[in-house]
Structures are given as C-alpha cells and as structure tokens.
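Chain order of the listed sequences is Z and X.
Counting the first sequence from 1 gives a position; our numbering is that position plus 249.
Counting the second sequence from 1 gives a position; our numbering is that position plus 25.
Ideal Cβ positions, reconstructed from N, Cα and C, are used throughout, including at glycine.
What follows is a single structure, written as structure tokens, with notes after it.
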Amino acid sequence: MAPRKREFLFEEKMDMTPLIDCVFLLILFFILTTEITMTQEEVELPFALEGKEAQLSVQADKVVKIEVVRKDPQFDPKNEGLGNIMHEGQVIDFEGVVEIFRKAVLIDMLPPPRGYGREPEILPGPEQRRLSQVKVLIRADKRVRAEYLRTIFMACEKVDPAIYKIEISSEQPSP
Amino acid sequence: MLIRKNKRIEEEEGLQMTAMIDIVFQLLIFFLLSMKFVALEGQLSSYLPKDKGLTQVPQTLDLVNVILDLVWEERAGVQRVVCLTMDYRDPARDGEKEEVHAWGDWQVTDPSGFLRYGPGKGHFVEFEYSVPDFQEIEEYLSYRKRTYSDPRGTGLPVTVNFDDRVPVQVVTTLLDICTRLKITDFTLAARELPID
Chain Z
250 MAPRKREFLF
260 EEKMDMTPLI
270 DCVFLLILFF
280 ILTTEITMTQ
290 EEVELPFALE
300 GKEAQLSVQA
310 DKVVKIEVVR
320 KDPQFDPKNE
330 GLGNIMHEGQ
340 VIDFEGVVEI
350 FRKAVLIDML
360 PPPRGYGREP
370 EILPGPEQRR
380 LSQVKVLIRA
390 DKRVRAEYLR
400 TIFMACEKVD
410 PAIYKIEISS
420 EQPSP
Chain X
26 MLIRKNKRIE
36 EEEGLQMTAM
46 IDIVFQLLIF
56 FLLSMKFVAL
66 EGQLSSYLPK
76 DKGLTQVPQT
86 LDLVNVILDL
96 VWEERAGVQR
106 VVCLTMDYRD
116 PARDGEKEEV
126 HAWGDWQVTD
136 PSGFLRYGPG
146 KGHFVEFEYS
156 VPDFQEIEEY
166 LSYRKRTYSD
176 PRGTGLPVTV
186 NFDDRVPVQV
196 VTTLLDICTR
206 LKITDFTLAA
216 RELPID
C-alpha cells in the first residue's frame, strides 16, 4: 500500500524542468537579439520594392555609412522634415561630411596593406576629373527633406578624387 | 500519521520554483513585447553626375535624356510633390515642362493617405502629402525606354532634380522605379547648385 501512495504523490507534481529549459532559452535569445537592435539608430527607412540585399561584409572597407536621422518630433511640430546628418553616432555638418569623405578617399588610395591602392578612374574629356571608388551608403529617414541628401552629394563633389557612387538604403517588403 | 510525515518530506524535498518561474515569465513577456524585429534592408544604387552637374552645361540639355523635376508645393495648407518633365507626351512642345500626372489636380493620393504602389504587387505606402502618380511615371519611363535609340549603348539616361523640401521617400521611390525598369544610367543631379 505504501509505495502506491508514494507514486500517486509523485505524479501529482508537474515536472517543470523542460518548460523552464525552454523559457530560459527563449530569454537568452531575446536578450541577445535586443542588444543588437538597441545599438541601431532609429531611422525609418523609405520603402522600396527593388532594393538589393546589402552586401556589407564583402565591401565594408570602402563603404562610408552616413545616416540622416529625423529631428525629435517635439522640435519639429510642423513636421517640416528637419533632420540631422550623423556618422557613427555623431551629428555632423557639411564640413564634417567633407572631412569624413576626404579621409575615406585618402585611405582608399593608399598603397596596400593599409589602403587598397585603387587608381582613381579618370574621366575623359577636357575636365579630366578623377573619380574615387569609394561608395557612400546613405541611410536616410523617409520623412526628412531631400536637402540633406544634397548636402551629402555636395560633399561627394568636393573631395578629390570625387565620390560618385551612392547607395540609398531602403526598407524591403516583408516576405 | 505515516502519510502526513511522508507529505512533509515531499514538500521539503521539492525546490520552491514558483517565485523564480514568476520572474522568468515576467522577463520573457518584457522581452517579447520590447523586441522589434529588424526590418529587411535593401540598397538602391545610384550615381552622381561625373561632371560637375547641370550647372556647368546649362545650354546643351539633351532632350533625348529624361529629366524629372520633383517640386514641392505648399498651397492653401495642402502639401504636395509635383513631378515635372520636358517633352512629356507631346513632342511638339519642346522645352516646356509639364507635369507627369494622370488624374489631374490635387486628389492624387487616396483620401486615406495610402497609395497603391508597385504594379500588381498590392503594396501600400503611406504618404502625409499628395504625391505624383507613380504608376504613370513608371509607364512614361518604360515607354521612353522602349523607344530610346541608345546611341551610346548605355541605356536611357534619367536625371532627377529635386527641391530641398521634397521628402526622401519620393526620391527613393523614383530610384526604385528606375531599378525595376532596369534603367542603369540614373543620376541624382545637383540643381542650381553653386559649387565652390
């Protein structure tokens, strides 16, 4: 009689171990993924259907990433599309953008191993403009004015050799 | 008596999990709610003019090229983006800019603020302002591409000028349309720009 009662008691208690295992795994997963997303800037990218998948790992070295973040809506109550140009978490102005591009272009033209030793493309014709192979990746909020794009383009023109390759990040439709 | 004793032993034996599980579930719910999935990100390639922009050669505008002007208009509290181009539909009107526009005046955007976007794909994009009819622009560009003689073998050149105030989304949408039509010679021009 006694062992039967014991069995009964044992069955009465639910075995929580696998459940807790799963829950811990889930928590671990969420902790790790949220850390990644929290470091990203809050940019609402413009929507586009045809964006190619980003290949940052292949050519990260010659891509300069510039972000255009929307100014706090509180400071922009009329929704006039004001924003800030940012690079690596720092707000920069036109001169700052030019400085960043100048450095990228210089590094790109250094001989290996520090640079990649790419010869700038030289435009035929009377102007003989030198063109750099550096690419500018723009992650701009969809609501900000295109004025900020133009600021970045002007900076691209200002460095020598000039940058002419532009990538604009977009949000793709979810599959 | 014997049973009671056994029960007590069982209770003491089992670890008290309830409080921990409570906390663990709270944590789980917090992370579930606070998590936002990273949206898929694509990239659209484009080029800046290799020469110093249109300001250098204002007189030699080639009518074979497509030049689209995005203009921001604010009238009577209505904000809208207008897309202008030369030589649209009527080649006799050389040098005059017309609006690429299918449905006439101000009600281009759906009153709900959503616009059907992308042929047959059923996507909707929300705009807070009136926008040009992108499907009409796409049809126009595709027509121009089909009829382009392509003397240099580079494909139809498309240049987009834009006002400062035009939102980034509209510029990106044009870029998107050109990518879909496989127009590779796409240039974002710096209009009326005093460079140096």
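- At least one CB of chain Z lies nearer than 9 angstroms to the CB of residue 66(X).
- Only buried fits residue 402(Z), as 16 or more other CB atoms lie within 10 angstroms of its CB.
- Against residue 390(Z), the close residues of chain X are 193, in the order they occur along the chain (beta-carbon pairs closer than 7 angstroms).
- Taking a beta-carbon distance threshold of 9 angstroms, residue 358(Z) does not count as an interface residue toward chain X.
- Within the stretch 41-59 of chain X, the residues whose Cβ lies closer than 9 angstroms to any Cβ of chain Z are, in chain order, 42, 45, 46, 49, 50, 52, 53, 55, 56, 57 and 59.
- The criterion of a C-beta distance shorter than 9 angstroms is not satisfied by residue 72(X) and residue 110(X).
- For residue 419(Z), a Cβ of chain X is located within less than 9 angstroms of the residue's own Cβ.
- Nearest neighbour of residue 154(X) by Cα position, chosen from 101(X), 163(X) and 209(X), turns out to be 101(X).
- Per DSSP, residue 70(X) is one residue of the beta strand (DSSP E) stretching across 66-72.
- Note that the C-beta distance between residue 420(Z) and residue 67(X) is below 9 angstroms.
- With respect to residue 108(X), residue 162(X) sits close: the two C-beta atoms are nearer than 9 angstroms.
- In the DSSP assignment, residue 190(X) falls outside any beta strand (DSSP E), carrying neither H nor E.
- Apart from sequence neighbours up to five positions away, the residues of its chain that approach residue 410(Z) with a beta-carbon distance below 7 angstroms are 354, 369, 379, 380 and 381, ordered along the chain.
- Residue 384(Z) has 312(Z) and 414(Z) as its beta-bridge partners, per DSSP.
- With a threshold of 16 other beta carbon atoms within 10 Å, residue 292(Z) meets it and is buried.
- Relative to the Cα of residue 205(X), the nearest Cα in the group 300(Z), 294(Z) and 266(Z) belongs to 300(Z).
- The C-alpha of residue 295(Z) is placed about 19 angstroms away from the C-alpha of residue 96(X).
- The Cβ neighbour count for residue 406(Z), taken over all protein chains shown within 10 Å, is at least 16; the residue is labelled buried.
- Any Cβ of chain Z closer than 9 angstroms to the Cβ of residue 200(X) would place that residue at the interface, and such an atom is present.
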